[in-house]
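Chemist: Quick one: the structure is below, and I'll ask about it shortly.
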Amino acid sequence: SAHFGQLAIIFLWLSGMYFHGARFSNYVAWLSNPTTIKPSAQVVWPVVGQEILNADVGGGFQGIQITSGFFQLWRASGIVNETQLYATALGGLVMSALMLFAGWFHYHKSAPKLEWFQNVESMLNHHLAGLLGLGCLSWAGHQIHVSLPVNKLLDAGVAPQDIPLPHEFIFSRELMAQLYPSFGKGLAPFFTLNWSEYSDFLTFKGGLNPVTGGLWLSDTAHHHLALAVLFIVAGHMYRTNWGIGHSMKEILEAHKGPFTGEGHQGLYEILTTSWHAQLAINLALFGSLSIIVAHHMYAMPPYPYIATDYPTQLSLFTHHMWIGGFCVVGGAAHGAIFMVRDYNPSQNYNNVLDRVIRHRDAIISHLNWVCIFLGFHSFGLYIHNDTMRALGRSQDMFSD
Numbered sequence: 002s003a004h005f006g007q008l009a010i011i012f013l014w015l016s017g018m019y020f021h022g023a024r025f026s027n028y029v030a031w032l033s034n035p036t037t038i039k040p041s042a043q044v045v046w047p048v049v050g051q052e053i054l055n056a057d058v059g060g061g062f063q064g065i066q067i068t069s070g071f072f073q074l075w076r077a078s079g080i081v082n083e084t085q086l087y088a089t090a091l092g093g094l095v096m097s098a099l100m101l102f103a104g105w106f107h108y109h110k111s112a113p114k115l116e117w118f119q120n121v122e123s124m125l126n127h128h129l130a131g132l133l134g135l136g137c138l139s140w141a142g143h144q145i146h147v148s149l150p151v152n153k154l155l156d157a158g159v160a161p162q163d164i165p166l167p168h169e170f171i172f173s174r175e176l177m178a179q180l181y182p183s184f185g186k187g188l189a190p191f192f193t194l195n196w197s198e199y200s201d202f203l204t205f206k207g208g209l210n211p212v213t214g215g216l217w218l219s220d221t222a223h224h225h226l227a228l229a230v231l232f233i234v235a236g237h238m239y240r241t242n243w244g245i246g247h248s249m250k251e252i253l254e255a256h257k258g259p260f261t262g263e264g265h266q267g268l269y270e271i272l273t274t275s276w277h278a279q280l281a282i283n284l285a286l287f288g289s290l291s292i293i294v295a296h297h298m299y300a301m302p303p304y305p306y307i308a309t310d311y312p313t314q315l316s317l318f319t320h321h322m323w324i325g326g327f328c329v330v331g332g333a334a335h336g337a338i339f340m341v342r343d344y345n346p347s348q349n350y351n352n353v354l355d356r357v358i359r360h361r362d363a364i365i366s367h368l369n370w371v372c373i374f375l376g377f378h379s380f381g382l383y384i385h386n387d388t389m390r391a392l393g394r395s396q397d398m399f400s401d
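Those letters in the sequence shown? Residues 2 to 401, per this note's numbering, in order.
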């Protein structure tokens with residue numbers, strides 16, 4: 002029920018973001034001229050002179066510039082007017098209420114049993130095939146049927162109010178075929194394995210769209226469709242009620258290297274019984290992923306016009322870097338709590354974890370000189386450059 006409560010808060014927050022876009026923003030003005038008009042979805046009310054915070058962001062709009070990237074995300078989703086944003090905000094409210102009900106139901110009426118959460122294979126199958134697989138598939142479907150045609154018309158300079166509504170693209174094959182001719186062929190190429198016919202909307206161009214400076218949306222639709230196939234197949238990989246498929250415990254325990262003693266013996270039990278061990282691994286993984294996202298979001302801009310919105314780029318990088326840093330530190334903290342509270346040396350004799358712990362002195366002392374080495378070298382560059390500048394020899398400074 003705690004997870005459903007968390008989801009209710011997330012849906013409520015998202016609904017608020019979309020409502021701000023629908024009620025207090027210059028989204029449509031920005032859509033018609035994203036390079037010169039700044040995104041704004043917040044207007045400060047004239048209370049004791051606070052309206053001085055509002056600035057002219059362009060398009061005849063006074064407000065505070067936002068740096069969250071929502072406008073670029075909405076454009077990539079195929080949203081072209083405030084009514085659609087308002088409808089999505091209402092959808093978020095409905096989902097939030099539904100999550101509150103689900104939280105009540107799964108706590109007071111039908112609470113899950115604790116041992117269900119130790120059924121690793123079943124959880125893996127459902128999360129891989131259901132959450133990730135069908136999630137990617139439905140997003141790919143939305144991108145193909147709504148985002149791609151809308152963005153193709155926007156990129157061609159069609160005014161947002163002249164673009165057909167999403168359901169027109171979904172229900173009219175002729176309309177889609179005007180933009181993507183392979184739609185006229187229907188499902189025949191799919192069932193005859195002639196998939197290259199669909200290469201007009203499932204592309205593999207690489208690089209950036211020269212109009213928007215973002216990745217090609219047809220590339221990302223292809224990416225999500227491919228991921229959906231992989232995840233749905235992966236969701237059939239683990240053994241549950243029937244005698245086919247992999248067992249996580251068997252895979253772990255069969256994996257023994259020449260220098261790793263008992264290998265992963267005993268680790269499965271740690272991960273199914275220690276909350277701190279689970280939390281440590283999840284925090285470390287999600288922290289690392291957040292840091293990777295921080296880099297990827299500016300190196301391969303996923304949304305139209307986000308690459309040239311520099312305040313947003315800076316904000317999103319900093320945001321994901323901070324989150325990643327906190328999560329990684331949290332992973333180390335909960336790893337330490339696991340070692341103190343939950344770790345049982347008698348169940349972990351000579352496995353990989355025990356072997357790492359037994360030569361931690363060597364590991365830490367080596368990491369110590371690695372850190373000192375890195376510190377001296379990076380600081381040494383600064384000292385060198387400062388000295389060269391002070392001596393009037395700036396041509397001898399190191400620079401990229």
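Note that beta-carbon positions come from the ideal geometry of N, C-alpha and C, so glycine has one too.
Give the range of the beta strand (DSSP E) segment to which V58 is assigned.
Modeler: It spans A56 to G59 - the beta strand (DSSP E) in which V58 sits, taken as one unbroken run.
Chemist: Pick from G59, A189, P302 and G50: whose alpha carbon is nearest that of T221?
Modeler: Per the Cα distances, P302.
Chemist: From I358, N386, N351 and T213, pick the residue whose C-alpha is nearest to that of G262; which is it?
Modeler: For G262, the nearest C-alpha among the options comes from N351.
Chemist: Measure the alpha-carbon distance for I171 versus G187 and round it to whole angstroms.
Modeler: Those two C-alpha atoms are separated by around 13 Å.
Chemist: May I have the straight-line CA-CA distance separating A112 from F118, to the nearest angstrom?
Modeler: Straight-line Cα distance between these residues: approximately 12 Å.
Chemist: In terms of residue numbering, what span does the alpha helix (DSSP H) encompassing I338 cover?
Modeler: From DSSP, the alpha helix (DSSP H) with I338 extends over Y311 to I338.
Chemist: Take D355 as the anchor and find which of L392, Q279, S78 and Q266 has the nearest alpha-carbon.
Modeler: It is Q266.
Chemist: Can you tell me which residues form a DSSP beta bridge with I65?
Modeler: In the DSSP output, where bridge partners are listed per residue, I65 has Q43.
Chemist: Could you check which residue in P150, S316 and G64 has the C-alpha nearest to that of L203?
Modeler: When each option's Cα is compared against that of L203, the closest is P150.
Chemist: So, is D362 buried or exposed, given that buried needs 16 or more other C-beta atoms within 10 angstroms?
Modeler: D362 is exposed by the Cβ-count criterion.
Chemist: Using only CA atoms, which one of T213, A157, N242 and P182 lies nearest to Q73?
Modeler: It is T213.
Chemist: Hey, S2 and Y108 are a contact pair by Cβ (cut 8 Å); roughly how many whole angstroms apart?
Modeler: Rounded, the Cβ-Cβ distance is 4 Å, consistent with contact.
Chemist: For W75, report the span of its alpha helix (DSSP H) as first-last.
Modeler: Unbroken alpha helix (DSSP H) run through W75: F71 to S78.
Chemist: Go ahead and label Q396 buried or exposed: buried means 16 or more other beta carbons lie within 10 angstroms of its beta carbon, across all protein chains shown.
Modeler: When all chains shown are included, Q396 counts as exposed.
Chemist: Looking at the structure shown, is H247 part of a helix, part of a strand, or coil, going by DSSP?
Modeler: H247: strand per DSSP, three-state reduction.
Chemist: Restricting to Cα atoms, I'd like to know which of W323, V29, V341 and Y344 is closest to D163.
Modeler: That would be V29, whose Cα lies nearest to the Cα of D163.
Chemist: L209 bridges to which residues according to DSSP?
Modeler: L216, per the DSSP bridge assignment.
Chemist: I believe I338 touches H277 by the beta-carbon criterion, under 8 Å. Please report the beta-carbon distance rounded to the nearest angstrom.
Modeler: Contact holds; Cβ gap of about 5 Å.
Chemist: Going by C-alpha to C-alpha distance, which of L13, H335, T274 and M389 sits closest to G453?
Modeler: Residue 453 lies beyond the residue range present for the chain, which begins at 2 and ends at 401; the question has no answer from this structure.
Chemist: Alpha carbons only, please: which of I324, F25 and I245 is nearest the one belonging to I65?
Modeler: Ranking the options by Cα distance to I65, first place goes to F25.
Chemist: Going by alpha carbons, who is nearest to Q63 out of G331, W31 and N369?
Modeler: The residue with the shortest Cα to Cα distance from Q63 is W31.
Chemist: So, with DSSP's three-state summary, where would you put F306?
Modeler: Note that residue 306 corresponds to Tyr in the displayed sequence, not to Phe. Three-state DSSP puts Y306 in coil, outside helix and strand.
Chemist: Output needed for L133: all residues of its chain with C-beta closer than 7 Å, excluding positions within five of it in sequence on either side, in chain order.
Modeler: These residues qualify, in order along the chain: F232.
Chemist: By Cβ distance, which residues of its chain are closer than 6 Å to T241, with the 5 residues on each side in sequence left out?
Modeler: So the qualifying residues of the chain are E122 and S123.
Chemist: Below 8 Å on the Cβ atoms is my contact criterion, and I expect H335 with L284 to pass it. Report the Cβ-Cβ distance as a whole number of Å.
Modeler: About 6 Å; that satisfies the 8 Å criterion.
Chemist: Report the residue ranges of all beta strand (DSSP E) runs contained in full by the region 130 to 184; include only those spanning at least 3 residues, in chain order.
Modeler: Entirely contained in the region 130 to 184, not one beta strand (DSSP E) run reaches 3 residues.
Chemist: Under 8 Å between the Cβ atoms of L280 and L268?
Modeler: No, the Cβ-Cβ distance between L280 and L268 is not below 8 Å.
Chemist: Can you tell which of K153, F71, A42 and S289 has the C-alpha that lies nearest to the C-alpha of A333?
Modeler: Among K153, F71, A42 and S289, the Cα nearest to that of A333 belongs to S289.
Chemist: If you draw a straight line from the alpha carbon of L392 to that of N27, how long is it in whole angstroms?
Modeler: Answer to the nearest angstrom: the Cα atoms are 53 Å apart.
Chemist: For the alpha helix (DSSP H) that A391 lies in, which residues bound it at each end?
Modeler: Taken as a continuous stretch (DSSP letters only), the alpha helix (DSSP H) holding A391 covers R361 to A391.
Chemist: I want to know whether the region 306 to 324 touches the region 370 to 387 - three or more CB-CB distances under 8 Å.
Modeler: Contact between the region 306 to 324 and the region 370 to 387 is absent, because fewer than three Cβ pairs lie under 8 Å.
Chemist: State the Cα-Cα distance for the pair Q85 and G60, rounded to the nearest angstrom.
Modeler: One C-alpha to the other measures close to 20 Å.
Chemist: Of the choices F102, L216 and S291, whose alpha-carbon is the least far from that of F1?
Modeler: It is not possible to answer for residue 1, since the shown part of the chain is limited to 2 through 401.
Chemist: On a CA-only basis, which of E116, S197 and G236 is nearest H223? Give me that one, please.
Modeler: The option with the nearest alpha carbon to H223 is S197.
Chemist: In chain order, what residues of the same chain have a beta carbon less than 8 Å from the beta carbon of N210, not counting five sequence neighbours either side?
Modeler: Correct list, in chain order: D156, L216, W217, L218 and P305.
Chemist: If you draw a straight line from the alpha carbon of R174 to that of F184, how long is it in whole angstroms?
Modeler: The alpha-carbon atoms of R174 and F184 are separated by roughly 6 Å.
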